[in-house]
Every structure is written in C-alpha cells, then in structure tokens.
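Undergrad:
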Amino acid sequence: MKAYRVAIIAVLSAAAVASLGCGFIEDHFRYHGDKIVTKTIDVSDVETVEIQLGSADIKIVSGTGTDADFEIKKIYRASKKKYIDELLAESRITFEKQGSKLIVRQEGEHGRAFDTLARGYVRIQITATLPQLPLRISSGSGDVRIDDRQAPVSIVTGSGDAVVG
Numbered sequence: 078m079k080a081y082r083v084a085i086i087a088v089l090s091a092a093a094v095a096s097l098g099c100g101f102i103e104d105h106f107r108y109h110g111d112k113i114v115t116k117t118i119d120v121s122d123v124e125t126v127e128i129q130l131g132s133a134d135i136k137i138v139s140g141t142g143t144d145a146d147f148e149i150k151k152i153y154r155a156s157k158k159k160y161i162d163e164l165l166a167e168s169r170i171t172f173e174k175q176g177s178k179l180i181v182r183q184e185g186e187h188g189r190a191f192d193t194l195a196r197g198y199v200r201i202q203i204t205a206t207l208p209q210l211p212l213r214i215s216s217g218s219g220d221v222r223i224d225d226r227q228a229p230v231s232i233v234t235g236s237g238d239a240v241v242g
C-alpha cells in the first residue's frame, strides 16, 4: 500500500512539473508567426523529382502542365525578436536541377536541443503541386502525404508518417 501511494505521488509530481514546463515554453517563445514563400519551377526538361527532407512535412498534390509549384510555410517560435530572421534563414528549402532531375532539399541547422530552448525553432510545411513525374522522397521525422498520384513513387522515411492516397 505504501508503494502504491509513493507511485501516485510520483505521477502527480511529474504531471505538475510537466504542466509548469509547458507554461514556461509558451512564455519563453513570445514571438511567433509564420512566413509563406512560393516558388514555381519549369520542369519540362525534368524526368524525376527527388525530395530530401529532415523534419519538414510535405503534401504532394497532382498537377498538370510543365510547372512544379511549391508553397513553403515556415512556422516559427522565438524567444527574442532578434532571433526570428536568423531562425528563418537557417531553415532553408533549396531547389537544384542536376541533368534531368529536380532535387528539392531541406538544409539548415536543426536538432540542437540547447539552441532550440535558447533561441527558438522553425517548423516547415510544404505543399508541392507536381505533374505526373516519377518521385523519390526521403524524410527524417517529417510526415509525407501524397494525393492522387499515378506516376511511380518511392518513399523512405525515418520516424515520420507516410500516407499515399
């Protein structure tokens, strides 16, 4: 019976500390918002699209024509206003054509716990409207969602979810 009481006290104490921590995080990251960037790329000379992501989430929708349209939403939370531009600049999505391949890549610094607690973080959500080209996606912890795709698709993901429908 005594062990049971100790266990209950431990669980309640942990819950109290966790709820205080959540309040700390909300208060600490006072500056928050989002920045949306759009990019259109002519893919008339592209045979394959390769997407390499870390923690960014991506949704692929089917399009027609010879353009690939990307909407990149960067959702930020920062402890100080001066960190916003730094955080946004460090979280980049790059586009590069190599021969007949379009490579979309997430670059930048992520995964540093101390820095995240000190300055803040950026979460990236991408919506890509792509013509029916073969698609290869590798993702670390980001989620991948693909809607209405007839072209070949290859997905490798770490801890993120992958939904093809």
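Sequential numbering from 78 applies to the sequence shown in the numbering used here.
In this text, a Cβ means the ideal position worked out from N, Cα and C, and glycines have one as well.
#1: For F106, is the classification buried or exposed, using 16 other Cβ atoms within 10 angstroms of its Cβ as the cut-off for buried?
#2: What does a CB cutoff of less than 6 Å around K136 pick up in its chain, not counting 5 residues either side in sequence?
#3: Does the pairing of the region 201-215 with the region 154-161 give three or more beta-carbon distances under 8 Å?
#4: Please state if the CB of R226 and the CB of E121 are separated by a distance shorter than 7 Å.
#5: Taking G176 as the reference, give the member of D220, I232, V126, K159 with the closest Cα.
#6: Using a 10 Å radius around the Cβ and a threshold of 16 neighbouring Cβ atoms, would you call G197 buried or exposed?
#7: Per the DSSP calculation, L179 is bridged to which residue(s)?
#8: Identify the residues that DSSP records as bridge partners of H105: which are they?
#9: Is the beta carbon of V199 less than 7 Å from the beta carbon of I128?
#10: Looking at C-alpha atoms only, which residue of I161, G219, Y108, D119 is the closest neighbour of F147?
#11: How far does the alpha helix (DSSP H) with A166 in it extend, from its first residue to its last?
#12: Which of the three DSSP states, helix, strand or coil, is assigned to A190?
#13: Nearest to K116 by CA position, among A228, T143, G142, F172, is which residue?
TA: Looking at the coordinates:
#1: Translated into positions along the sequence shown, residue 106 becomes position 29. So F106 counts as buried.
#2: Along the sequence shown, one-based indexing puts residue 136 at 59. So the qualifying residues of the chain are T204, R222.
#3: Segment contact: the region 201-215 against the region 154-161, fewer than three CB-CB distances shorter than 8 Å; contact not assigned.
#4: Translated into positions along the sequence shown, residue 121 becomes position 44. Translated into positions along the sequence shown, residue 226 becomes position 149. The sequence shown places Ser at residue 121, rather than the Glu named in the question. No; because the gap between Cβ atoms is not below 7 Å, this pair is not in contact.
#5: Position 99 of the sequence shown, counted from the first residue, corresponds to residue 176. Minimum Cα distance to G176 is reached at V126.
#6: The residue labelled residue 197 in the question sits at position 120 within the sequence shown. Burial state of G197 is buried, judged by a 10 Å Cβ sphere holding 16 or more other Cβ atoms.
#7: Reading the sequence shown from its first residue, position 102 is the one you call residue 179. Its beta-bridge partners are V126, K174.
#8: For the purposes of this step, residue 105 is identified with residue 28 of the sequence shown, where counting begins at 1. Looking at the DSSP output, H105 sits in no beta bridge, so it has no partner there.
#9: Here residue 199 is taken as the residue at index 122 of the sequence shown, counted from 1. Here residue 128 is taken as the residue at index 51 of the sequence shown, counted from 1. No.
#10: Here residue 147 corresponds to residue number 70 of the sequence shown, with the count starting at 1. Selected option, being the one with the closest Cα: D119.
#11: Position 89 of the sequence shown holds residue 166. If you look at A166, you'll find it in the alpha helix (DSSP H) that goes 160-167.
#12: The count along the sequence shown starts at 1 and reaches residue 190 at position 113. In this prediction, A190 has a pLDDT of 49, which is less than 50 and means its spatial position is unreliable; what the coordinates show is noted afterwards. Three-state DSSP puts A190 in a helix.
#13: Translated into positions along the sequence shown, residue 116 becomes position 39. Cα-wise, what sits closest to K116 is F172.
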